[in-house]
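In my numbering, the protein residues as written are 17 to 252. A virtual CB, placed ideally from N, CA and C, is assigned to each residue, including glycine. These notes concern the structure reproduced below.
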Amino acid sequence: MTTTKNKNAALQISFDQYGNPFNEDYDDHFYSVSDGRDECRHVFINGNELSSRLTRSDSFTIAELGFGTGLNFLETWNFWRNIRSPNQHLSFVSFELHPLPAETISRAISSWPELEEIARQMLAFWANRCDRPGPWRIDQQTKLEVIIGDAEQKVGRWNSKADAWYLDGFSPQNNPAMWSESLMQKVCEHTNSGGTFASYTSAGWVRNNLLKAGFKVERVAGHGRKRHMSIGYKPS
Ligand SMILES: C[S@@+](CC[C@H](N)C(=O)[O-])C[C@H]1O[C@@H](n2cnc3c(N)ncnc32)[C@H](O)[C@@H]1O
């Protein structure tokens, strides 16, 4: 089992024969090996009911634990640009301890040629992130900010709130710091009333931490081979 790795240490990444990135330190893949895009749609986009909520809001904030390859951001951006109206704005904020090199992200996303063009736009910012820390204006209606550092510390100091959370650490067993009671409390404190979360995991202790933090929690059908996943909301 892995606890939090050294701060900002680079992760060792390998790719399986299907092009899925894997990290040995946390002994886990970055997303579902059956279909990472489909998992993002099922777990995070549908789990947070974004098709109806995004079209109703002038301004919406999604926050994510674990930027990884940026696949969730790219899939969300792709989804959003097809449903939005001209006066709507999306802010996507992600917390990441071990930022991946641009080449690794590019290789991972090359599994989906239809995302490559928007990945190039994102990587133009990513490659220069030390000189130009975010938020980055990805297009006229979309901002992206990746906050580098340990999620618990950084979410605690974040001066904003999310309407929807993507809880996407590595597996709770191997990456317990991304699912701890104190981090879930900070996540809840940084959620607007009525805001939601979604996660691929249905681990009992994680759901319990979310409950104790103040969320209403539900277990629903998971993606692929996962029977269940978790969704929930912060009561008003
Ligand atoms: C399952 S991957 C996220 C996949 C990502 N959402 C994507 O679209 O590719 C989990 C991520 O959590 C990050 N992580 C692990 N522990 C962390 C911590 N304590 N604080 C912030 N990020 C952490 C890892 O570096 C990894 O990128």
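The Cβ-Cβ distance between Tyr182 and Ala214 falls below 8 angstroms. By the Cβ neighbour-count rule, Lys202 is buried, with 16 or more other Cβ atoms within 10 Å of its own. Put simply, the stretch 87-96 touches the stretch 42-56. At least three CB pairs are less than 8 angstroms apart. Distance from the C-beta of Asp166 to the nearest heavy atom of ligand 1 is below 7 angstroms. Each of Cys204, Val233, Gly211 was checked against the Cα of Ser218, and the nearest Cα belongs to Val233. Within the model, the alpha-carbon separation for Arg123 versus Gly35 is close to 8 angstroms.
If you draw a straight line from the Cα of Met194 to the Cα of Gly185, it is about 5 angstroms long. Separation of Leu227 and Thr77 (C-alpha to C-alpha, rounded to the nearest whole angstrom) is 22 angstroms. When only Cα atoms are considered, Pro192 and Glu65 end up about 27 angstroms apart. Ranking Arg153, Gly220, Gly172, Phe141 by CA distance to the CA of Cys204 puts Gly172 first. Under the DSSP assignment, Glu80 falls in the beta strand (DSSP E) whose first and last residues are 75-81.
Non-local C-beta neighbours of Met200 in its own chain, meaning closer than 7 angstroms and more than five positions away in sequence, comprise Asn225, Leu226, Ala229, ordered along the chain.
Between the stretch 54-61 and the stretch 234-243 there are three or more C-beta pairs closer than 8 angstroms, enough to call the two in contact. Straight-line spacing of the CA atoms in Ser187 and His206 works out to 23 angstroms. The bridge partners DSSP lists for Met245 are Val236. Fewer than three beta-carbon pairs drawn from the stretch 67-77 and the stretch 111-122 are found closer than 8 angstroms, and the two stretches are therefore not classed as touching. Every alpha helix (DSSP H) stretch that sits fully inside the stretch 80-149 and reaches 4 residues is listed by chain position as 87-99, 118-125, 129-142. For Ser30, the number of other beta carbons within 10 angstroms of its own is below 16, and it is reported as exposed. Using a Cβ distance threshold of 8 angstroms, Leu81 and Phe111 count as a contacting pair.
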